[in-house]
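Count the sequence shown with mature numbering (1 follows the signal peptide of the UniProt record, and there is no 0) and you get residues -16 to -1, 1 to 133, in order.
From the three backbone atoms N, C-alpha and C, an ideal C-beta is built for every residue, glycine too.
Below: the structure, in structure tokens.
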Amino acid sequence: MKLLQLLPALVVAVAAVDVRFWPEPGCGGGYHIICTNLNPNRCCGIARDNWEWLSIMFYGIDPNWNINYRAHGGGNCNTLVYSETVTFGTYWCLGHSRDRTLTGAGYSFVGKRSVGDEDQECARADTLVFDDGSKYNLTALDDGAFDSM
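Laid out in structure tokens, this is it:
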């Protein structure tokens, strides 16, 4: 019986995807930041809207999942900018123009009951990837240091 109680949490853990913020439209441009293993129904965001993130990639997706992807502007996940539902592929890119800076992202499974993370505070990017592929762990930075990057 206890195993059945743990099952929803295990399903969410397996369902997590990486969310990558890119400085160029079309999910390119070398350096980027990552929210690793973001759970469904949770936001990954950046408090300021003066960072030039122009596209967001959802990566590590099971191609059989039916997912609604969301990108936001105005700081964290305040204003919905893009929303697309997709049922194929192992990654998906939102944001293909220079007309909108993106500050947050999230996703949910279409037609599934939400499994608990939507009321949690907005997650913050945990990895910075440089043009050469080297990575920097952002988890130890306090909010002030993170915002001054």
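Per DSSP, reduced to three states, the secondary structure at ASP126 is coil, with no helix or strand assignment.
When DSSP reads this structure, TYR91 sits in a beta bridge with TYR53. Comparing C-alpha distances from ASN21 to each of GLY44, ALA55, TYR120, ALA129 shows the shortest one belongs to GLY44. By the neighbour-count criterion, in which a residue is buried when 16 or more other Cβ atoms sit within 10 angstroms of its Cβ, VAL94 is exposed.
A straight line joining the alpha-carbon of SER81 with that of VAL65 spans about 12 Å.
Taking TYR15 as the centre and dropping the five residues before and after it, the same chain places the C-beta of PRO7, LEU112, VAL113, PHE114, ASP115 closer than 8 Å to its C-beta, in chain order.
Rounded to the nearest whole angstrom, the C-alpha separation of TRP76 and ALA55 is 12 Å. The C-beta separation of ASP110 from CYS11 comes to about 19 Å, leaving the pair out of contact by the 8 Å criterion. With a beta-carbon spacing of about 6 Å, ILE40 and PHE5 fall inside the 8 Å limit used to define contacts. ALA31 sits in coil when the DSSP states are folded into three classes, being neither helix nor strand.
The closest CA to that of TYR53, considering only ASP2, ARG108, TRP35, ASP131, is found on ASP2. In the structure shown, ASP2 falls within a strand segment according to DSSP collapsed to helix, strand and coil. No Cβ-Cβ contact shorter than 8 Å links GLY59 with LEU86.
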